[in-house]
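A.B. asks: When we follow numbering that gives the first Met the number 0, the leftmost residue of the sequence shown carries the number 0, and every step to the right adds one.
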Amino acid sequence: MAPDDSSTSSLPQAGDSAIGEASARHNFLFMSKFFRHGTKIASIWPSSRFMAAASVRQVAWSTAKAVVELGAGTGPITMEIIRRLQPQTTFVAIERDRDFVRILRDRFREVPNAHIVHGDVCDLQNILEDRDIGSHGVDTFVSGLGTPSLPEAVRHKMFAAIKHHLKPDGFFSNITEFPYYYLRYYQSIFEHVAFQWVPINLPPGGVYHCHGIKCNADTASA
Numbered sequence: 000m001a002p003d004d005s006s007t008s009s010l011p012q013a014g015d016s017a018i019g020e021a022s023a024r025h026n027f028l029f030m031s032k033f034f035r036h037g038t039k040i041a042s043i044w045p046s047s048r049f050m051a052a053a054s055v056r057q058v059a060w061s062t063a064k065a066v067v068e069l070g071a072g073t074g075p076i077t078m079e080i081i082r083r084l085q086p087q088t089t090f091v092a093i094e095r096d097r098d099f100v101r102i103l104r105d106r107f108r109e110v111p112n113a114h115i116v117h118g119d120v121c122d123l124q125n126i127l128e129d130r131d132i133g134s135h136g137v138d139t140f141v142s143g144l145g146t147p148s149l150p151e152a153v154r155h156k157m158f159a160a161i162k163h164h165l166k167p168d169g170f171f172s173n174i175t176e177f178p179y180y181y182l183r184y185y186q187s188i189f190e191h192v193a194f195q196w197v198p199i200n201l202p203p204g205g206v207y208h209c210h211g212i213k214c215n216a217d218t219a220s221a
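#1: Return the CA-CA distance between residue 150 and residue 88, expressed in angstroms with no decimal places.
#2: Does the segment 44-54 come close enough to the segment 114-130 to have 3 or more Cβ pairs within less than 8 angstroms?
#3: Taking all protein chains shown into account, do 16 or more other C-beta atoms lie within 10 angstroms of the C-beta of residue 34, making it buried, or fewer, making it exposed?
#4: Using 8 angstroms for Cβ pairs, my map puts residue 107 next to residue 146. What's the rounded Cβ distance?
#5: Grab me the residues of residue 155's own chain with a C-beta within less than 8 angstroms of its C-beta, minus the 5 sequence neighbours each way, in chain order.
#6: What are the start and end residues of each continuous alpha helix (DSSP H) run of 4 or more residues lying completely inside the segment 79-161, in chain order?
#7: On the three-state DSSP scale, how would you describe residue 193?
#8: So, are the CB atoms of residue 92 and residue 71 less than 7 angstroms apart?
#9: Reducing DSSP to helix, strand and coil, say where residue 20 ends up.
#10: With DSSP collapsed to three states, give me the class of residue 219.
#11: Is it buried or exposed for residue 209, if we count other Cβ within 10 angstroms and need 16 for buried?
#12: Within a Cβ cutoff of 6 angstroms, which residues of the same chain sit near residue 135, ignoring the five residues on either side of it in sequence?
#13: Determine the closest residue to residue 66 out of 22, 198, 130 and 193, with distance taken between C-alpha atoms.
#14: To the nearest whole angstrom, what separates the beta carbons of residue 178 and residue 204, a pair I think is in contact under 8 angstroms?
#15: May I ask whether a heavy atom of the ligand PLP can be found less than 6 angstroms away from the beta carbon of residue 191?
#16: Under DSSP, the alpha helix (DSSP H) around residue 184 begins and ends at which residues?
#17: Can you give the Cα-Cα distance for residue 104 and residue 115, rounded to whole angstroms?
#18: Express the C-alpha separation of residue 188 and residue 17 in angstroms, rounding to a whole number.
#19: Would you kindly work out how many angstroms separate the C-alpha atoms of residue 215 and residue 75, rounded to a whole number?
#20: Is it the case that the Cβ atoms of residue 207 and residue 197 are separated by a distance below 7 angstroms?
Quick look at the structure:
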C-alpha cells in the first residue's frame with residue numbers, strides 16, 4: 000500500500016523556542032517515568048520523527064475512516080497522525096498515564112476529530128464502542144506499547160478487540176526496540192508481517208506492520 004502524505008493545517012501554531020522548551024520537558028518527563036516504572040513505559044525516550052513517520056506508513060489517509068493509537072505517551076506519533084489527518088477520519092489516542100494524557104490534551108485540544116482518551120488497552124472494546132468506532136471499523140491500529148511484554152490477560156483482551164474492529168484490509172503497526180526479535184510472535188497473530196528498520200531512534204528500532212489477523216489472535220502467547 001502506498002502512503003498518502005496528505006496533511007492538514009488544523010494544528011495550533013506556536014513559536015519555535017516555546018515548542019522546543021515544551022518538547023524537552025516532555026522528553027525528560029518520559030525518561031523519568033521509564034526509570035520509575037520500568038517495563039510499564041515501553042522505551043527510555045519518546046519516538047523520533049523517523050519512527051513516528053514509519054509507524055503510520057500503512058495508513059491510507061485519503062480513505063481512512065478511523066485510526067486508533069495505543070499508548071500515545073507524550074505524542075510524537077500522535078503528532079504525525081494529526082499532521083496527516085483528513086476531515087473524514089476519526090482519530091482516537093489511548094493513554095493510561097495521567098501526566099501524558101494532560102500533555103496530549105493540551106497539545107491537541109483544538110483538533111476537532113481527535114479524541115484523547117485516558118484509559119487502558121484492556122478496556123479497548125468499550126472505548127471503541129463508546130465512540131461508535133465499531134459502526135465502520137478501524138483502518139489502522141498504531142501501537143507504541145511493548146505489546147509482547149504486556150500481561151497475557153491484557154494482550155488477549157486487546158487483540159480480541161482489535162480482531163473485532165479491524166477492517167479486513169486494515170493494519171496493526173507496532174513500534175519496537177527489538178528488531179526482528181518478536182517477528183514469530185506477530186506471525187502467530189497475523190497472516191502477513193513485515194518489519195521496517197528505523198535506525199534513527201533512541202534506541203534504534205523499527206516497526207512491525209501486520210495485517211490479516213488470525214482467528215486465534217486473542218489467545219496467542221509471547
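Note that the Cβ used here is the ideal one computed from N, Cα and C, for glycine as well.
C.D. replies: From the atom records:
#1: Position 151 of the sequence shown, counting from 1, holds the residue named residue 150. Position 89 of the sequence shown, counting from 1, holds the residue named residue 88. Their backbone Cα atoms lie some 31 angstroms apart in a straight line.
#2: No, because fewer than three Cβ pairs between the segment 44-54 and the segment 114-130 fall closer than 8 angstroms, the two stretches do not touch.
#3: In the sequence shown, counting from the first residue as 1, residue 34 sits at position 35. The pLDDT assigned to residue 34 is 46, lower than 50, so where the model puts this residue is not dependable, and the model offers no usable value.
#4: In the sequence shown, the residue the question calls residue 107 occupies position 108. In the sequence shown, the residue the question calls residue 146 occupies position 147. Cβ-Cβ separation between residue 107 and residue 146: approximately 24 angstroms, too far for a contact (criterion under 8 angstroms).
#5: By 1-based counting over the sequence shown, the position of residue 155 is 156. Excluding its 5 nearest sequence neighbours in each direction, residue 155 has C-beta neighbours in its own chain below 8 angstroms: 217 and 218, listed in chain order.
#6: Within the segment 79-161, the complete alpha helix (DSSP H) runs of at least 4 residues fall at 97-107 and 123-129.
#7: Here residue 193 refers to the residue found at position 194 when the sequence shown is read from its first residue. Residue state, collapsed to three classes: strand.
#8: Mapped onto the sequence shown, residue 92 falls at position 93. Mapped onto the sequence shown, residue 71 falls at position 72. In contact: residue 92 and residue 71 (Cβ atoms closer than 7 angstroms).
#9: As a working mapping, residue 20 is identified with position 21 in the sequence shown. Model confidence at residue 20 stands at a pLDDT of 42, short of 50, so the residue's coordinates are unreliable and nothing is read from them.
#10: Within the sequence shown, the letter at position 220 stands for residue 219. Judged by DSSP in its simplified three-state form, residue 219 adopts coil rather than helix or strand.
#11: Start at 1 with the first residue of the sequence shown, and residue 209 comes out as number 210. Residue 209 comes out buried.
#12: Taking the sequence shown and counting its residues from 1, the one referred to as residue 135 is at position 136. Only 64 meet the Cβ criterion.
#13: Residue 66 sits at position 67 when you count from the first residue of the sequence shown. Here the closest residue by C-alpha is 130.
#14: Position 179 of the sequence shown, counted from the first residue, corresponds to residue 178. Position 205 of the sequence shown, counted from the first residue, corresponds to residue 204. So it is a contact: roughly 6 angstroms between Cβ atoms.
#15: Because no ligand of any kind appears in the structure shown, any question about the ligand PLP cannot be addressed here.
#16: On the sequence shown, position 185 is the one that residue 184 refers to. If you look at residue 184, you'll find it in the alpha helix (DSSP H) that goes 182-186.
#17: The count along the sequence shown starts at 1 and reaches residue 104 at position 105. The count along the sequence shown starts at 1 and reaches residue 115 at position 116. Residue 104 and residue 115: Cα-Cα distance of roughly 6 angstroms.
#18: Here the question's residue 17 lines up with position 18 in the sequence shown. Here the question's residue 188 lines up with position 189 in the sequence shown. Only weak support exists for where residue 17 lies, its pLDDT of 33 falling under 50; the value from the coordinates is given anyway. The straight-line gap from Cα to Cα measures roughly 43 angstroms.
#19: If you number the sequence shown from 1, residue 215 lands on position 216. If you number the sequence shown from 1, residue 75 lands on position 76. Their Cα atoms are separated by approximately 32 angstroms.
#20: Residue numbering aside, residue 207 sits at position 208 when the sequence shown is read from its first letter. Residue numbering aside, residue 197 sits at position 198 when the sequence shown is read from its first letter. Residue 197 sits away from residue 207, with the two beta carbons spaced by 7 angstroms or more.
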